[in-house]
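Single-structure report; data block below.
Protein chains in written order, with our numbering: chain A, 4 to 221; chain B, 3 to 256.
The structure is reproduced here in structure tokens:
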């Protein structure tokens, strides 16, 4: 089998072109492969796990392609980047369709409350869509997470979602966003980093995070 | 907090960006890939491409353009125009579009909006509503299709709610009365729709100066503002627009 540096997991949900193109843009000669082959995921040096659409569909499609074990294995053993639903799927459970996730992080995925308003009383829309600030948290470590290197605190990233993850252990929170409640928009533990926002669509800040991931040695 | 978005719109026909007045009289405005890169450099929050190619022969061109833009520009890309079936949505997403805008087909076949949202997720389904002020009707604004030529008898506000119920994740609301006129958005129309639905709305049609963008957000309740000619002909940069909005108390990504 050819050597794969970065595998983008394709389980039929959402637009993987954007993710692979952005990864390729910062890959610095490393190979990027979009794959639904468990063997390729096993062999890859690092794995990106994206996702769009509804969580029940995502879990169903993941299992239909027999990729659950390969994803869990990758998340336990090699640099692993979850994006959007690819972050939500790492949790135990989602309110969306009352769906069980992969359980790699303890906690639930919740829906934004109805009838949210901003400081001026203007209605806040759901989905939460657009560029919002991400406040970096340092996991009670002395240093910021290496994937934040070169990215200003409170930099804006592109979000599109109606649900957000609520980790049971807030030590895994690596980034937070306000809408209007403060929620966890990035988690990190060992070799896993996952973002609710779309790094592949977040211009310079997103490309920097992806480049940091490509070079990350957890 | 969440920033209001500025979205330059590129009307594309036969591989070139053009701009018309009231959907007519097209003027050439340049190469789509070059223009997309320029707007990205200026800090555009998203880009919208509307394929207004009339002949089906040249429709494939938009896919090549999107592929090329998507490999160089890493912000959300929306593509609309001539989207007739779920297969069109798939092709555009595969080319690198992040969202697909559905207009005339939504009126002819609302089920297609639902099918596309079920298959690819509401986050990538934008329904474009072209509305015009009408008299002697039980409603104030009516939905038009086919680039503003055909009336539908549909109340634009109720139509917006129906589209969201079928799975539209965002609405692109264009005032046909204002498009190309440079006299400002139709803020009462945008406000009526924004208040009636839970999803974000993009105001479109009529921007002539930067105050119009501010008014679109403050008066019209828009979550994003779309403009074409003020950017295409170099009157303002996206950066200038954002600075002006920020000076007027609107949160933007600078």
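Idealized CB from N, CA, C, for every residue including glycine.
* **According to DSSP, residues forming a beta bridge with residue 132 of chain B** => In DSSP, residue 132 of chain B forms a bridge with B:146, B:176.
* To do: Report the residue ranges of all beta strand (DSSP E) runs contained in full by the region 95-143 of chain A; include only those spanning at least 3 residues, in chain order.
  => The beta strand (DSSP E) runs lying completely inside the region 95-143 of chain A and spanning 3 residues or more are 108-114, 131-139, given in chain order.
* Quickly, what does DSSP pair residue 38 of chain A with across the bridge? List them, please. => Beta-bridge pairing links residue 38 of chain A to A:12.
* Completely contained beta strand (DSSP E) runs for the region 43-117 of chain B, where each covers 3 or more residues -> Every beta strand (DSSP E) stretch that sits fully inside the region 43-117 of chain B and reaches 3 residues is listed by chain position as 49-53, 79-82, 101-104.
* Asked: To the nearest angstrom, how far is it from the Cα of residue 130 of chain A to the Cα of residue 208 of chain A?
  -> Going by C-alpha positions, residue 130 of chain A is about 22 Å away from residue 208 of chain A.
* **Residues that residue 78 of chain B contacts on chain A, provided the C-beta gap is smaller than 7 Å** => Going along chain A in sequence order, the residues near residue 78 of chain B (Cβ under 7 Å) are 161, 204.
* Taking Cβ positions only, does residue 62 of chain A come closer than 8 Å to chain B? -> Chain B places no beta carbon closer than 8 Å to that of residue 62 of chain A, leaving this residue out of the contacts.
* Asked: Which stretch, first to last residue, makes up the beta strand (DSSP E) that contains residue 190 of chain A?
  -> Where residue 190 of chain A is concerned, the enclosing beta strand (DSSP E) stretches over 184-192.
* Establish whether the CB of residue 21 of chain A and some CB of chain B are separated by less than 8 Å. => Closer than 8 Å to some Cβ of chain B, the Cβ of residue 21 of chain A qualifies, so yes.
* Can you give the Cα-Cα distance for residue 165 of chain B and residue 82 of chain B, rounded to whole angstroms? -> The C-alpha of residue 165 of chain B lies about 16 Å from the C-alpha of residue 82 of chain B.
* Asked: According to the Cβ coordinates, are residue 166 of chain A and residue 113 of chain A closer than 8 Å?
  -> Annotated as proximal: residue 166 of chain A and residue 113 of chain A, with beta-carbon spacing under 8 Å.
* Indicate whether at least one CB of chain A lies closer than 8 Å to the CB of residue 171 of chain B. => Chain A contact via Cβ: present.
* Per-residue DSSP class, three states only, for residue 197 of chain A -> Annotated three-state conformation of residue 197 of chain A is strand, per DSSP.
* In terms of residues, what are the limits of the beta strand (DSSP E) holding residue 185 of chain B? -> Residue 185 of chain B -> no beta strand (DSSP E), and no H or E assigned at all.
* Rounded C-alpha distance that separates residue 238 of chain B from residue 232 of chain B -> When rounded, the distance between both Cα atoms is 6 Å.
* Asked: Anyone know if the C-beta pair for residue 171 of chain B and residue 193 of chain B falls short of 8 Å?
  -> Not a contact, by the Cβ cut-off of 8 Å.
* **Beta-carbon proximity check, residue 14 of chain A vs residue 49 of chain A, cutoff 8 Å** => Judged by beta-carbon spacing, residue 49 of chain A lies beyond the 8 Å limit of residue 14 of chain A, meaning their Cβ atoms are not closer than that value.
* Is the distance from the Cβ of residue 103 of chain B to the Cβ of residue 174 of chain B below 8 Å? -> Contact annotation: residue 103 of chain B and residue 174 of chain B have beta-carbon atoms nearer than 8 Å.
* **Of the listed residues A:91, A:46, A:45, nearest to residue 53 of chain A (C-alpha basis)** => Nearest option by C-alpha distance: A:91.
* Apart from the five residues just before and just after residue 134 of chain A, which ones in its own chain have a Cβ nearer than 6 Å to its Cβ? -> Correct list, in chain order: 159, 161.
* To do: Verify the CB distance criterion: does residue 11 of chain A have a CB-CB separation below 8 Å to chain B?
  => Chain B contact via Cβ: absent.
* To do: For my contact list, residue 199 of chain A and residue 168 of chain A are in at a C-beta cut-off of 8 Å; report their separation, rounded to the angstrom.
  => Between residue 168 of chain A and residue 199 of chain A the Cβ distance is about 7 Å, and since that is below 8 Å, they are a contact.
* Put residue 193 of chain B into one of helix, strand or coil per three-state DSSP. => Residue state for residue 193 of chain B is assigned as helix, using DSSP reduced to three classes.
* Residue closest to residue 57 of chain A, alpha-carbon to alpha-carbon, out of B:125, B:114, B:62, B:13 -> Comparing alpha-carbon positions, the option among B:125, B:114, B:62, B:13 lying closest to residue 57 of chain A turns out to be B:125.
* Asked: From residue 15 of chain B to residue 62 of chain B, what does the alpha carbon distance come to, in whole angstroms?
  -> Rounded to whole angstroms, the separation of the alpha carbons of residue 62 of chain B and residue 15 of chain B is 11 Å.
* Asked: Could you give the residue range of the beta strand (DSSP E) that holds residue 164 of chain A?
  -> For residue 164 of chain A, the uninterrupted beta strand (DSSP E) run begins and ends at 158-164, by DSSP.
* To do: Put residue 172 of chain A into one of helix, strand or coil per three-state DSSP.
  => It is coil, neither helix nor strand.
* **One or two residues paired with residue 228 of chain B in a DSSP bridge** => Per DSSP, B:9.
* Please work out which residues of its chain come closer than 8 Å, Cβ to Cβ, to residue 215 of chain B, disregarding the five sequence neighbours upstream and downstream, and give them in chain order. => Excluding positions up to five away in sequence, the list reads 8, 209, 227, 229, 243, 246, 247.
* For residue 195 of chain B and residue 168 of chain B, the rounded distance between their alpha carbons -> C-alpha separation (whole angstroms): 16 Å.
* Could you tell me whether the Cβ atoms of residue 175 of chain A and residue 152 of chain A are closer together than 8 Å? => No, Cβ-Cβ distance for residue 175 of chain A and residue 152 of chain A is not below 8 Å.
* Asked: What residues from chain B crowd round residue 150 of chain A, counting only those whose CB sits closer than 8 Å?
  -> For residue 150 of chain A, no chain B residue has a C-beta closer than 8 Å to its own C-beta; the minimum C-beta separation is roughly 17 Å.
* Would you give the residue range spanned by the alpha helix (DSSP H) that residue 84 of chain A belongs to? => Taken as a continuous stretch (DSSP letters only), residue 84 of chain A belongs to no alpha helix (DSSP H), being part of the beta strand (DSSP E) at 83-86.
* Under 7 Å Cβ-Cβ, which residues of chain B neighbour residue 210 of chain A? -> 76, listed in chain order.
* Chain-ordered chain B contacts of residue 179 of chain A [CB-CB under 8 Å] -> Per Cβ cutoff of 8 Å: no residues; residue 179 of chain A is ~13 Å from chain B at best.
* If contact means a Cβ-Cβ distance below 7 Å, which residues of the region 91-122 of chain A contact chain B? -> Under the 7 Å Cβ criterion, the region 91-122 of chain A contributes 121.
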